[in-house]
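Engineer: Residues in the sequence shown are numbered consecutively from 1, following UniProt numbering.
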Amino acid sequence: MQKHVLQKFAAILLIFIFVFSGFTTVFAADTGDETLKKIQEKGVLTVGLSADYPPYEFHQTIDGKDKVVGFDVSIAKKIAKDLDVKLDIKEMNFDSLLGSLKTGKVDMIISGMSPTPERQKEVDFSDPYMFVQQRVVVKKTDKDKFTSVNDFNGIKVGAQKQTTQEDLAKNELIGSDVVSLQKVPDLILNLKSNKMKAVVLEGPVAEAYISQDKTLALADIKFENGSKETAIAMPKGSTALQEKVNTSIKDIQDTGLLKKYQEEANKLMFQDGSFYEKYGNYFITGTLITIALAAIGVLCGAILGSLLALMKLAKTRWLRWPAACYIEFVRGTPLLIQIFIVFFGTQIIGMDVSAFVSGCIALSLNSAAYVAEIIRAGISAVNKGQMEAARSLGMTQRASMRYIILPQAVKNILPALGNEFVTVIKESSIVSVIGVTELMFMTGVVQGASFKPFIPLIITSLIYFVLTFSLSRLLGVAERRMRTSD
């Protein structure tokens, strides 16, 4: 029997992979030269970026409102104006940008990206709008230790994942042990805490951090291939859009607008004001969204989980094995993969779902599998004699379950369901990878904008502790009242 169920589960998984791949192929074939036409029809240019990269793009409070600013954003505004459409900015981790572009979540990427040969196989690029040099940031006390590319043998060197800096660190810093992370603030934090000895960054970004932290310095390292072109990524074959973007870039270069954009970005980076005044609102907003994500995830997960639990307890085989397969698949795969499947998969099948809704769906589907097991275990814990006694009194199966079994099972289920809520509050931090502005996402925003990688982490950890501790105390009170009623 178990072998038969596993075979069916494997068949379903293979069909899912085949269908998903087919949708991807069809969608990719449809992105051609229609990109510009679609942008003009909807009247919106959607630009993807990772807003933790000052002065390219970062968050700043302007006139009491949170805004994404930087010279990349100014370039995006110029292109949108030239196309006579509105600009819509979507944020996510840098290593999620190409996937979002290929699945149609964004129309282009303006995020300090360079046209490497590997990327050019997947997407098209505009003419370069900027040329920068790559630099090595070290602690000031170590500056004299690193004077050439031969001084890094066995040394841990940090770089942002899937970037030109990562390639340079691996190929030119001879013998280095490269550590790749998603966010620049995390790299700086590792450098300051001696987890790594050097970080490879783009010149403007490196200079911005050094200007704000006197313990850091630029090592006198020259890369052979350290000059980098920065360009705009677009879907493969979108030649009409590419021509329009190249025209805008030429205008920016000919009129000296890029220098003006850079000066504006540098001025915004270093606005006056206390840490709380500038960034307190980010933590409040992130906390509220985290609570909303967890509440929706557990509520929807409880509804679906209840259905799955009843299916798994059913006597009919065709109800049991789909529920069992679903539960085992969800519990056996990382939540991160499930989030990406929902986020990119909805676009592939023609549904334009926001990052927040995608996060809610993924958390709900994930929570449902665990809630199903909680409910099943709670029902199974009720003595079988209770059901037999109810049936002997003439009650139907459904009435016995509703009036006798479930009321007793609730006492076993509620404490575990509360613990699931606590777990989802912490696990919701993973949805930050697709740009949901929950607490961990906002923490990264503050790290990038404030050039203080450690303080935001302390504040965030305290907020998570207050949330989970308060909920745990409330659960404790509820459990004691249940025991009293016994």
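We put the beta carbon where it would ideally sit given N, CA and C, even for glycine.
For clarity, every value in this text was computed on a predicted model and none was experimentally measured.
1. Determine the DSSP secondary structure at residue 51, reduced to helix, strand or coil.
2. Taking residue 227 as part of the beta strand (DSSP E), name the residues at either end of that continuous run.
3. Compute the Euclidean distance between the alpha carbons of residue 104 and residue 245, then round it to the nearest angstrom.
4. Measuring only the C-alpha atoms, how far is residue 288 from residue 351?
5. To the nearest whole angstrom, what separates the beta carbons of residue 131 and residue 111, a pair I think is in contact under 8 Å?
6. Would residue 417 and residue 324 qualify as a contact pair, given that the criterion is a beta-carbon distance under 8 Å?
7. Taking just the CA atoms, how far does residue 222 sit from residue 148?
8. Any idea which residues DSSP pairs residue 351 with across the strands?
9. Once DSSP output is grouped into helix, strand and coil, what is the label at residue 95?
10. Just the Cα atoms here: how many angstroms apart are residue 229 and residue 310?
11. Grouping DSSP H, G and I as helix and E and B as strand, with all else coil, what is residue 110?
12. Does DSSP classify residue 395 as helix, strand or coil?
13. I need the boundaries of the alpha helix (DSSP H) containing residue 329, first residue and last residue.
14. Nearest-angstrom Cα distance between residue 158 and residue 333?
15. If we ignore side chains and look at the alpha-carbon of each, how far apart do residue 134 and residue 72 end up?
16. Just reading off the beta strand (DSSP E) that residue 421 is part of, what are its end residues?
17. Using a Cβ-Cβ distance cut-off of 8 Å, determine whether residue 311 contacts chain C.
18. Report yes or no: do three or more beta-carbon pairs, one from the segment 266-285 and one from the segment 440-458, lie closer than 8 Å?
19. Rounded to a whole number of angstroms, what is the C-alpha to C-alpha distance between residue 279 and residue 313?
20. On the DSSP bridge list, what partners appear for residue 218?
21. Under the assumption that residue 369 contacts residue 331 (Cβ atoms under 8 Å), give the Cβ distance between them as a whole number of angstroms.
22. Could you spell out where the beta strand (DSSP E) holding residue 65 opens and where it closes?
Structural biologist: This is what the structure gives:
1. In the structure shown, the three-state DSSP call for residue 51 is coil.
2. Taken as a continuous stretch (DSSP letters only), the beta strand (DSSP E) holding residue 227 covers 227-234.
3. Each residue's Cα considered, the two are about 18 Å apart.
4. Looking at the two C-alpha atoms, the distance is approximately 26 Å.
5. That pair is no contact at about 17 Å.
6. At a Cβ-Cβ threshold of 8 Å, residue 417 and residue 324 do not count as neighbours.
7. So the alpha carbons of these two residues sit roughly 7 Å apart.
8. BP columns for residue 351 are empty, so no partner.
9. Looking at residue 95 - three-state DSSP - the assignment turns out to be helix.
10. Rounded to whole angstroms, the gap between the alpha carbons of residue 229 and residue 310 is 58 Å.
11. Strand.
12. In the structure shown, residue 395 sits in coil (DSSP, three-state: anything other than H, G, I, E or B).
13. From DSSP, the alpha helix (DSSP H) with residue 329 extends over 317-331.
14. For residue 158 and residue 333, the distance between alpha carbons rounds to 29 Å.
15. Approximately 18 Å, taken between the alpha carbons.
16. Run containing residue 421: none in the beta strand (DSSP E); it sits in the alpha helix (DSSP H), 406-427.
17. No chain C is present in this structure, which holds just one protein chain.
18. Yes: at least three Cβ pairs fall under 8 Å.
19. Here the C-alpha atom of residue 279 lies approximately 50 Å from the C-alpha atom of residue 313.
20. According to DSSP, residue 218 bridges with 137.
21. 5 Å between Cβ atoms; contact.
22. Where residue 65 is concerned, the enclosing beta strand (DSSP E) stretches over 65-69.
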